[in-house]
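Peer 1: Here the numbering used here runs 201 ahead of the position in the sequence shown, where the first position is 1. Cβ coordinates follow ideal geometry from the N, Cα and C atoms, glycine included. Below is a structure I'd like to ask you about.
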Amino acid sequence: MNTLTDRNAAWREELRSAIPAKERAAIPRAVMPMLAPDVRVTNNDEVNLGLTPLQAVTEATRCLDCADPGCVQGCPVSIDIPSFVKNVQRGRIDAAAAVLARSSALPAVCGRVCPQERQCESKCIYNKMKKAPVAIGYLERFAADTARETGAQPTPERAAPNGIKVAVVGSGPAGLSFAGDMARRGFDVTVFEALHEIGGVLKYGIPEFRLPNCVVDAELQRLIAMGVRFEKDTVVGKTLSYDDLLNEGFRGVFVASGAGLPRFMGIPGENLNGVLSSNEYLTRINLMGAGRGAMTPVEKGRRVMVVGGGNTAMDSVRTARRMGAEEAFVVYRRGSEEMPARVEEIRHAEEEGVTFLTLHNPLEYIGDENGHVRAVRLQKMRLGEPDASGRRSPEPIEGAVTEMAVDQVIVSVGVSPNPLIPDCIDGLEVTRRGTLVVDENLHTSIPTIYAGGDIVRGGATVILAMGDGRHAAASMAAALT
Ligand SMILES: Cc1cc2nc3c(=O)[nH]c(=O)nc-3n(C[C@H](O)[C@H](O)[C@H](O)COP(=O)(O)OP(=O)(O)OC[C@H]3O[C@@H](n4cnc5c(N)ncnc54)[C@H](O)[C@@H]3O)c2cc1C
Numbered sequence: 202m203n204t205l206t207d208r209n210a211a212w213r214e215e216l217r218s219a220i221p222a223k224e225r226a227a228i229p230r231a232v233m234p235m236l237a238p239d240v241r242v243t244n245n246d247e248v249n250l251g252l253t254p255l256q257a258v259t260e261a262t263r264c265l266d267c268a269d270p271g272c273v274q275g276c277p278v279s280i281d282i283p284s285f286v287k288n289v290q291r292g293r294i295d296a297a298a299a300v301l302a303r304s305s306a307l308p309a310v311c312g313r314v315c316p317q318e319r320q321c322e323s324k325c326i327y328n329k330m331k332k333a334p335v336a337i338g339y340l341e342r343f344a345a346d347t348a349r350e351t352g353a354q355p356t357p358e359r360a361a362p363n364g365i366k367v368a369v370v371g372s373g374p375a376g377l378s379f380a381g382d383m384a385r386r387g388f389d390v391t392v393f394e395a396l397h398e399i400g401g402v403l404k405y406g407i408p409e410f411r412l413p414n415c416v417v418d419a420e421l422q423r424l425i426a427m428g429v430r431f432e433k434d435t436v437v438g439k440t441l442s443y444d445d446l447l448n449e450g451f452r453g454v455f456v457a458s459g460a461g462l463p464r465f466m467g468i469p470g471e472n473l474n475g476v477l478s479s480n481e482y483l484t485r486i487n488l489m490g491a492g493r494g495a496m497t498p499v500e501k502g503r504r505v506m507v508v509g510g511g512n513t514a515m516d517s518v519r520t521a522r523r524m525g526a527e528e529a530f531v532v533y534r535r536g537s538e539e540m541p542a543r544v545e546e547i548r549h550a551e552e553e554g555v556t557f558l559t560l561h562n563p564l565e566y567i568g569d570e571n572g573h574v575r576a577v578r579l580q581k582m583r584l585g586e587p588d589a590s591g592r593r594s595p596e597p598i599e600g601a602v603t604e605m606a607v608d609q610v611i612v613s614v615g616v617s618p619n620p621l622i623p624d625c626i627d628g629l630e631v632t633r634r635g636t637l638v639v640d641e642n643l644h645t646s647i648p649t650i651y652a653g654g655d656i657v658r659g660g661a662t663v664i665l666a667m668g669d670g671r672h673a674a675a676s677m678a679a680a681l682t
């Protein structure tokens, strides 16, 4: 029994015989402790408070130790979920955190923002038994937070330095995951970030009431301890060119520049004052401190409408409530079943007094005499046949148009990649959507350049971006050594 996996297998066997499956299956799923809705709309504090140790051990005990655990297949970075969960059950949080660290550079982040209900938890055996799945996300957060707070956070082992320099463009989850894996393999890694903060969407997009910055910063410290260097305020394509990177001796470049270009609907009135993108709104408040009393100007609407049904829309509307909106609406052209946002975020928004106008679509914004938005014309919709995405497509109901008073509109209908990188590197192939073309090894059309995350997928998820980072690291490492 030399390896951790062998030992885990033995522990699992011990635990399996200790508590019969029937008794474990009878335990109800843990309920996440959280701030009360009337308290949380008055501040930016994290809403979910994390499981207590007793809750965590009890929840971990629910795991039935499937012979062929579907949860691992449902995880884009293949975390050994049964092993970390069983370590939580045994109270060995250091060992649980070590298991997580083997596959994920950001476990405390993923435990908070990953859509587990569509990934690992959707594959849990309990779903087949019509019971709530093991709360894998809550347990991941518990293990990562407890390890950090008790000083038991593992620094992954690092191979001897190989002297090969590699560059990363962008410090979001794709870039960070790549950087961690390459540093572990002994590469000399530098991450170039355009903004003055490291973390990509984790810092400028997702609000602190869902993901506190200190949690992201603590995960970054681990990468710094592994020798990863970060160069902030450096826009590759402006401050530094791709040729500059080659001249500085970087032998491989991983492009993880995300999809930060907001889309609009192209309808009349979108240029009125008071109509802005989620990206701008959240960046002003989260990254530039407008929500924390900084000088950054931001309008504080009283009757705010957010257009869209994704996580970004939920973050925007919940932020608007915290910025003082008396009435906040989400307008979405499909039904609530089709909303891409996490179920928990939709529930939290409802609890915080947000009104959902599903099956409605803006047609036009109407301005006042000062050129500021004062109302929106909304088209009522119904659901037709499923479209290419498998969701039923919305169709307008003829003549069913209403007008609603609003004084701020936040448009959250998707994002596209920023064209700077594709435009400044000759020969870098892009798709019609502006995403980078890569092969199965995440290799672009240029031999030294790999890419992953939202710049390849369009707006996707944290864990898919991290999975790309890991995959690209394995491909580039194999090619360079
Ligand atoms: C508001 C919001 C909420 C979200 N909520 C969730 C959620 O709950 N769960 C979830 O799984 N996903 C969520 N997502 C999606 C998720 O955050 C993204 O899919 C993920 O961050 C993509 O990671 P990335 O590393 O590819 O890009 P990003 O996180 O976008 O990072 C890219 C980084 O590259 C930098 N950059 C760009 N161009 C350059 C350049 N030329 N030179 C140097 N640096 C550059 C950018 O400044 C940025 O920091 C959310 C997205 C948003 C916007």
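(1) Taking C-beta to C-beta, are Val657 and Asp640 nearer than 8 Å?
(2) So, with DSSP's three-state summary, where would you put Glu471?
(3) Using the C-alpha atoms, what's the distance from Cys267 back to Met202?
(4) How do the segment 291-301 and the segment 345-355 stand: do at least 3 beta-carbon pairs fall below 8 Å, yes or no?
(5) How about Ile220 and Cys272: are their beta carbons less than 8 Å apart?
(6) Using 8 Å as the threshold, is the C-beta distance between Val508 and Val416 below it?
(7) Helix, strand or coil for Asn619 per DSSP?
(8) Looking at the unbroken alpha helix (DSSP H) that takes in Glu586, where does it start and where does it end?
(9) Count the other CB atoms, across all protein chains shown, that sit within 10 Å of the CB of Asp516; report buried if there are 16 or more and exposed otherwise.
(10) So what does Arg411 bridge to, in DSSP terms?
(11) Alpha carbons only, please: which of Met582, Met605, Val574 and Ala601 is nearest the one belonging to Ser594?
(12) Count the other CB atoms, across all protein chains shown, that sit within 10 Å of the CB of Ala679; report buried if there are 16 or more and exposed otherwise.
(13) Quick one: is the Cβ of Gly660 within less than 7 Å of any heavy atom of ligand 1?
(14) Looking only at C-alpha atoms, which of His549, Pro355 and Asp569 sits nearest to Asp239?
(15) Once the 5 residues before and after Ala419 are set aside, which same chain residues still bring their CB inside 8 Å of it?
(16) Any idea which residues DSSP pairs Val369 with across the strands?
(17) Between the C-alpha atoms of Thr259 and Val335, what's the straight-line distance to the nearest angstrom?
(18) What are the boundary residues of the alpha helix (DSSP H) that includes Glu341?
(19) With a threshold of 7 Å, establish whether the CB of Leu637 neighbours any heavy atom of ligand 1.
(20) His397: buried (16+ other C-beta within 10 angstroms of its C-beta) or exposed?
(21) Could you check if Pro408 is buried or exposed, using at least 16 other CB atoms within 10 Å of its CB as the buried criterion?
(22) Comparing the CB of Asn249 with every heavy atom of ligand 1, is any distance shorter than 7 Å?
(23) Compute the beta-carbon to beta-carbon distance between Glu318 and Val544, rounded to the nearest angstrom, for a pair I have assumed lies under 8 Å.
(24) Could you check if Thr347 is buried or exposed, using at least 16 other CB atoms within 10 Å of its CB as the buried criterion?
(25) Return the first residue and the last residue of the alpha helix (DSSP H) that Arg225 is part of.
(26) Looking at Gly502 and Gln609, is the spacing between their C-beta atoms short of 8 Å?
(27) Considering Leu564, what are the terminal residues of the beta strand (DSSP E) in which it resides?
(28) Would the C-beta of Ala457 count as close to ligand 1, meaning under 7 Å from any of its heavy atoms?
(29) At a threshold of 7 Å, does Glu394 count as lining ligand 1 (C-beta to nearest heavy atom)?
(30) Rank Thr253, Val242 and Arg263 by C-alpha distance to the C-alpha of Pro229 and give the top, closest one.
(31) Given 8 Å as the limit, is there contact between the segment 622-638 and the segment 653-667, that is, 3 or more CB pairs closer than that?
(32) Within a Cβ cutoff of 8 Å, which residues of the same chain sit near Gly525, ignoring the five residues on either side of it in sequence?
(33) Run the CB neighbour count on Leu424, radius 10 Å, all protein chains shown included, and call it buried at 16 or more, exposed below.
(34) What does the Cβ neighbour count give for Thr204, buried or exposed, with the cut at 16 atoms within 10 Å?
(35) Express the C-alpha separation of Thr391 and Ile399 in angstroms, rounding to a whole number.
(36) For Thr435, which residues of its own chain have a beta-carbon under 8 Å away from its beta-carbon, when the five flanking residues on both sides are left out?
Peer 2: Taking the structure as given:
(1) Reading the sequence shown from its first residue, position 456 is the one you call residue 657. Reading the sequence shown from its first residue, position 439 is the one you call residue 640. For Val657 and Asp640, no; Cβs fall outside 8 Å.
(2) In the sequence shown, the residue the question calls residue 471 occupies position 270. Coil.
(3) Along the sequence shown, read from residue 1 onward, the residue named residue 202 stands at position 1. Along the sequence shown, read from residue 1 onward, the residue named residue 267 stands at position 66. In this prediction, Met202 scores a pLDDT of 36, lower than 50, which makes its location untrustworthy; no coordinate-derived value is stated.
(4) In short, these stretches touch, since the Cβ pair count reaches three.
(5) Position 19 of the sequence shown, counted from the start, is the residue given in the question as residue 220. Position 71 of the sequence shown, counted from the start, is the residue given in the question as residue 272. Contact: no.
(6) The residue you call residue 508 lines up with position 307 of the sequence shown. The residue you call residue 416 lines up with position 215 of the sequence shown. Using a Cβ distance threshold of 8 Å, Val508 and Val416 do not count as a contacting pair.
(7) Looking up residue 619 in the sequence shown gives position 418. Asn619: coil per DSSP, three-state reduction.
(8) As a position in the sequence shown, residue 586 is number 385, starting the count at 1. Looking at the DSSP string, Glu586 is not in any alpha helix (DSSP H); the run it does join, the beta strand (DSSP E), is Val574 to Pro587.
(9) Position 315 of the sequence shown, counted from the start, is the residue given in the question as residue 516. Classification for Asp516: buried.
(10) Looking up residue 411 in the sequence shown gives position 210. Arg411 pairs with nothing; no bridge assigned.
(11) Translated into the one-based positions of the sequence shown, residue 594 becomes position 393. When each option's Cα is compared against that of Ser594, the closest is Met582.
(12) Residue 679 sits at position 478 when you count from the first residue of the sequence shown. With fewer than 16 Cβ atoms within 10 Å of its Cβ, Ala679 is classed as exposed.
(13) Position 459 of the sequence shown, counted from the first residue, corresponds to residue 660. Under cutoff, so the answer is yes.
(14) As a position in the sequence shown, residue 239 is number 38, starting the count at 1. With respect to the C-alpha of Asp239, the residue from His549, Pro355 and Asp569 having the closest C-alpha is His549.
(15) One-based indexing of the sequence shown puts residue 419 at position 218. Contacts found: Ala309, Arg349 and Gln354.
(16) Taking the first residue of the sequence shown as position 1, residue 369 is located at position 168. DSSP lists Val392 and Phe455 as partners of Val369.
(17) Your numbering for residue 259 matches position 58 in the sequence shown. Your numbering for residue 335 matches position 134 in the sequence shown. Going by the C-alpha atoms only, they are around 10 Å apart.
(18) Reading the sequence shown from its first residue, position 140 is the one you call residue 341. Ile337 to Glu350 is the extent of the alpha helix (DSSP H) around Glu341.
(19) Here residue 637 refers to the residue found at position 436 when the sequence shown is read from its first residue. For ligand 1, not one heavy atom lies less than 7 Å from the Cβ of Leu637.
(20) For this step, residue 397 is matched to residue 196 along the sequence shown. Under this definition His397 is an exposed residue.
(21) To locate residue 408, count along the sequence shown from 1; it is residue 207. Its Cβ being crowded by 16 or more others within 10 Å, Pro408 is buried.
(22) The residue labelled residue 249 in the question sits at position 48 within the sequence shown. It does not: the Cβ of Asn249 is nowhere closer than 7 Å to a heavy atom of ligand 1.
(23) For this step, residue 318 is matched to residue 117 along the sequence shown. For this step, residue 544 is matched to residue 343 along the sequence shown. The beta-carbon separation of Glu318 and Val544, rounded to 6 Å, stays under the 8 Å limit for a contact.
(24) Numbered from its first residue, the sequence shown carries residue 347 at position 146. Buried is the call here.
(25) The sequence position of residue 225 within the sequence shown is 24, counting from 1. That run of the alpha helix (DSSP H) goes Ala222 to Ala226.
(26) The residue labelled residue 609 in the question sits at position 408 within the sequence shown. The residue labelled residue 502 in the question sits at position 301 within the sequence shown. It is a contact, given that the beta carbons lie within the stated cut-off.
(27) Locating residue 564 in the sequence shown gives position 363, counting from the first residue. Segment His561 to Gly568, the beta strand (DSSP E) holding Leu564.
(28) Position 256 of the sequence shown, counted from the first residue, corresponds to residue 457. Ala457: yes, Cβ under 7 Å from ligand 1.
(29) Here the question's residue 394 lines up with position 193 in the sequence shown. Under cutoff, so the answer is yes.
(30) Here residue 229 is taken as the residue at index 28 of the sequence shown, counted from 1. Residue Arg263 is the option with its Cα nearest to Pro229.
(31) yes
(32) Stepping through the sequence shown from its first residue, residue 525 is reached at position 324. Taking Gly525 as the centre and dropping the five residues before and after it, the same chain places the C-beta of Lys501 and Arg503 closer than 8 Å to its C-beta, in chain order.
(33) The residue labelled residue 424 in the question sits at position 223 within the sequence shown. Here Leu424 is buried. Its C-beta has 16 or more other C-beta atoms within 10 Å.
(34) To locate residue 204, count along the sequence shown from 1; it is residue 3. Confidence at Thr204 is low in this model, with a pLDDT of 46, below 50, so its placement is unreliable and the value that follows should be read with caution. By the neighbour-count rule (16 or more Cβ atoms within 10 Å), Thr204 is not buried but exposed.
(35) Counting from 1 along the sequence shown, the entry for residue 399 is found at position 198. Counting from 1 along the sequence shown, the entry for residue 391 is found at position 190. Cα to Cα, Ile399 sits roughly 12 Å from Thr391.
(36) Mapped onto the sequence shown, residue 435 falls at position 234. Contacts found: Phe393, Glu394, Ala395 and Leu441.
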